[in-house]
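Have a look at the structure below, then the notes.
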Ligand code: GLP
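Residue numbers (the numbering used here): 16 to 264.
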């Protein structure tokens with residue numbers, strides 16, 4: 016769906032996701048929210064936190080799973096996705112709701128785990144153990160990456176430690192004081208095969224830098240490894256939340 020601007024998009028995405036979460040929690044069922052980082056979902060998280068302020072129920076059945084994490088960045092690093100999540104979502108939520116424990120109800124790759132293969136296995140198993148992801152939020156890179164699945168990634172890939180594309184390093188350097196040499200070259204990412212197992216997917220795209228890649232995907236008939244997000248064409252339940260700039264209007 017195309018929204019006039021980023022704020023409207025964020026509000027709508029938040030209220031839809033809030034309803035999905037609370038519908039299950041109110042029925043005493045678990046809800047697992049797959050979360051993305053980057054600029055795109057910040058407005059959504061802000062609005063979700065607002066909505067949770069008035070929620071009277073328990074969040075003990077609410078779990079989050081994060082898509083990716085930079086390799087070798089410790090959790091305390093201000094550039095880690097762990098830190099981002101703490102700032103934008105986990106801590107504000109835990110401060111309002113005692114029933115949300117930000118240590119036991121969140122799953123995210125550990126950038127400084129000693130053995131990468133073991134870390135990928137732990138992460139995949141943790142997702143399985145909580146019953147899989149109900150709704151996975153995604154952003155999209157200007158090169159079509161989802162999570163850190165860069166062009167060339169296979170559609171059945173599982174969680175792994177990957178090399179970042181040059182374009183990704185160029186774009187993400189803004190978060191590292193503009194210095195590309197400070198951007199880690201590798202990251203853990205949930206695989207495309209793992210992403211495709213989420214029951215539902217919500218993709219958020221805002222701003223004109225995303226317009227060309229979205230247009231390319233729209234013009235495709237079937238997925239291609241050159242554009243990892245194109246694998247979503249084969250997912251049965253994807254909703255696109257796009258603002259006018261990203262839609263090329
Ligand atoms: C980063 C993240 C992705 C994110 C993408 C887009 O590299 N690994 O998960 O979706 O870039 O980021 P933004 O929303 O800031 O454009």
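Beta carbons: idealized from backbone N, C-alpha and C, even for Gly.
All values derive from a computational prediction rather than experimental measurement.
Original post:
Taking DSSP as the reference, what is the three-state secondary structure of residue 146?
Top reply: Counting from one through the chain shown, the residue named residue 146 turns up at place 131. Correct three-state label for residue 146: coil.
**OP:** Give a yes or no on whether the C-beta atoms belonging to residue 33 and residue 63 are separated by under 8 Å.
**Re:** Against the chain shown, residue 33 aligns to sequence position 18. Against the chain shown, residue 63 aligns to sequence position 48. Yes; because the gap between Cβ atoms is below 8 Å, this pair is in contact.
Subject >> 3-residue-minimum beta strand (DSSP E) runs that sit fully inside the region 73–152, ordered along the chain >> reply: 77–81 and 83–85
**OP:** Rounded to whole angstroms, what's the CA-CA distance from residue 104 to residue 177? Just pull it up for me.
**Re:** On the chain shown, residue 104 is found 89 positions in, with the first residue counted as 1. On the chain shown, residue 177 is found 162 positions in, with the first residue counted as 1. Near 26 Å, if we compare the C-alpha coordinates of residue 177 and residue 104.
Subject >> Extent of the continuous alpha helix (DSSP H) to which residue 208 belongs >> reply: For this step, residue 208 is matched to residue 193 along the chain shown. 207–211 is the span of the alpha helix (DSSP H), which, as asked, contains residue 208.
Subject >> Uninterrupted alpha helix (DSSP H) stretches inside the region 212–245 (no shorter than 4 residues) >> reply: 226–234
Subject >> Beta-carbon separation (whole angstroms), residue 82 vs residue 29, contact threshold 8 Å >> reply: On the chain shown, position 67 is the one that residue 82 refers to. On the chain shown, position 14 is the one that residue 29 refers to. Contact doesn't hold; Cβ gap of about 18 Å is too wide.
**OP:** Can you give me the Cβ contacts of residue 175 inside the same chain, cut-off strictly under 6 Å, excluding the 5 residues immediately before and after it?
**Re:** Sequence index remark: in the chain shown, residue 175 carries index 160 (1-based). Closer than 6 Å at Cβ, skipping near neighbours: 135.
**OP:** Could you have a look at residue 189 and say whether DSSP puts it in helix, strand or coil?
**Re:** On the chain shown, position 174 is the one that residue 189 refers to. It is helical.
Subject >> Integer-rounded CB distance, given that residue 120 should sit under 8 Å from residue 79 >> reply: Sequence index remark: in the chain shown, residue 79 carries index 64 (1-based). Sequence index remark: in the chain shown, residue 120 carries index 105 (1-based). Rounded, the Cβ-Cβ distance is 7 Å, consistent with contact.
Original post:
Do residue 139 and residue 243 have their C-beta atoms within less than 8 Å of each other?
Top reply: As a first step, residue 139 must be located in the chain shown, where it is residue number 124. As a first step, residue 243 must be located in the chain shown, where it is residue number 228. Their beta carbons are not under 8 Å apart, which means residue 139 does not touch residue 243 by this criterion.
**OP:** Determine, using beta carbons only, whether residue 226 and residue 262 come nearer to each other than 8 Å.
**Re:** The residue you call residue 226 lines up with position 211 of the chain shown. The residue you call residue 262 lines up with position 247 of the chain shown. Yes, the Cβ-Cβ distance between residue 226 and residue 262 is below 8 Å.
**OP:** Go ahead and label residue 151 buried or exposed: buried means 16 or more other beta carbons lie within 10 angstroms of its beta carbon, across all protein chains shown.
**Re:** Here residue 151 refers to the residue found at position 136 when the chain shown is read from its first residue. Buried is the call here.
Original post:
Between which two residues does the beta strand (DSSP E) containing residue 204 stretch?
Top reply: Position 189 of the chain shown holds residue 204. Per DSSP, residue 204 belongs to the beta strand (DSSP E) from 201–204.
Original post:
Could you check where the alpha helix (DSSP H) with residue 49 kicks off and where it finishes?
Top reply: Within the chain shown, numbered from 1, the residue matching residue 49 stands at position 34. Residue 49 -> not in any alpha helix (DSSP H); beta strand (DSSP E) instead, spanning 46–50.
Original post:
In angstroms, rounded to a whole number, what distance separates the CA positions of residue 230 and residue 113?
Top reply: On the chain shown, residue 230 is found 215 positions in, with the first residue counted as 1. On the chain shown, residue 113 is found 98 positions in, with the first residue counted as 1. If I take the Cα positions, the gap works out to 44 Å.
Subject >> Residue from 69, 260 and 173 whose Cα sits closest to the Cα of residue 219 >> reply: On the chain shown, residue 219 is found 204 positions in, with the first residue counted as 1. With distances taken between Cα atoms, residue 219 lies closest to 260.
Original post:
Would you say residue 154 and residue 245 are within 8 Å of each other, going by their C-beta atoms?
Top reply: As a working mapping, residue 154 is identified with position 139 in the chain shown. As a working mapping, residue 245 is identified with position 230 in the chain shown. Not a contact, by the Cβ cut-off of 8 Å.
**OP:** Compare the beta carbon distance of residue 49 and residue 148 with 8 Å and say whether it is the shorter of the two.
**Re:** Locating residue 49 in the chain shown gives position 34, counting from the first residue. Locating residue 148 in the chain shown gives position 133, counting from the first residue. Yes, Cβ-Cβ distance for residue 49 and residue 148 is below 8 Å.
Subject >> Beta-carbon proximity check, residue 91 vs residue 202, cutoff 8 Å >> reply: Counting from 1 along the chain shown, the entry for residue 91 is found at position 76. Counting from 1 along the chain shown, the entry for residue 202 is found at position 187. Taking 8 Å as the Cβ cut-off, residue 91 and residue 202 do not qualify as a contacting pair.
**OP:** Take the Cβ of residue 51 as the centre, count every other Cβ of all protein chains shown within 10 Å, and call the residue buried at 16 or more, exposed below.
**Re:** Your numbering for residue 51 matches position 36 in the chain shown. Burial call: buried.
Original post:
residue 318: buried (16+ other C-beta within 10 angstroms of its C-beta) or exposed?
Top reply: Nothing in the structure corresponds to residue 318, since the chain is present only between 16 and 264.
Original post:
Do you know offhand how far residue 70's Cα is from residue 222's?
Top reply: As a working mapping, residue 70 is identified with position 55 in the chain shown. As a working mapping, residue 222 is identified with position 207 in the chain shown. If I take the Cα positions, the gap works out to 32 Å.
Original post:
When DSSP labels each residue in this structure, what does residue 164 get in the three-state scheme?
Top reply: Mapped onto the chain shown, residue 164 falls at position 149. Strand, per DSSP.
Original post:
By Cβ distance below 7 Å, which residues in the same chain neighbour residue 238 in space, the five residues on each side in sequence not counted?
Top reply: Stepping through the chain shown from its first residue, residue 238 is reached at position 223. Counting only Cβ-Cβ distances below 7 Å, and skipping sequence neighbours, we find 170, 245, 246, 248 and 249.
Original post:
Can you pull the DSSP bridge partners for residue 255?
Top reply: To locate residue 255, count along the chain shown from 1; it is residue 240. DSSP output for residue 255 lists 218 as bridge partner(s).
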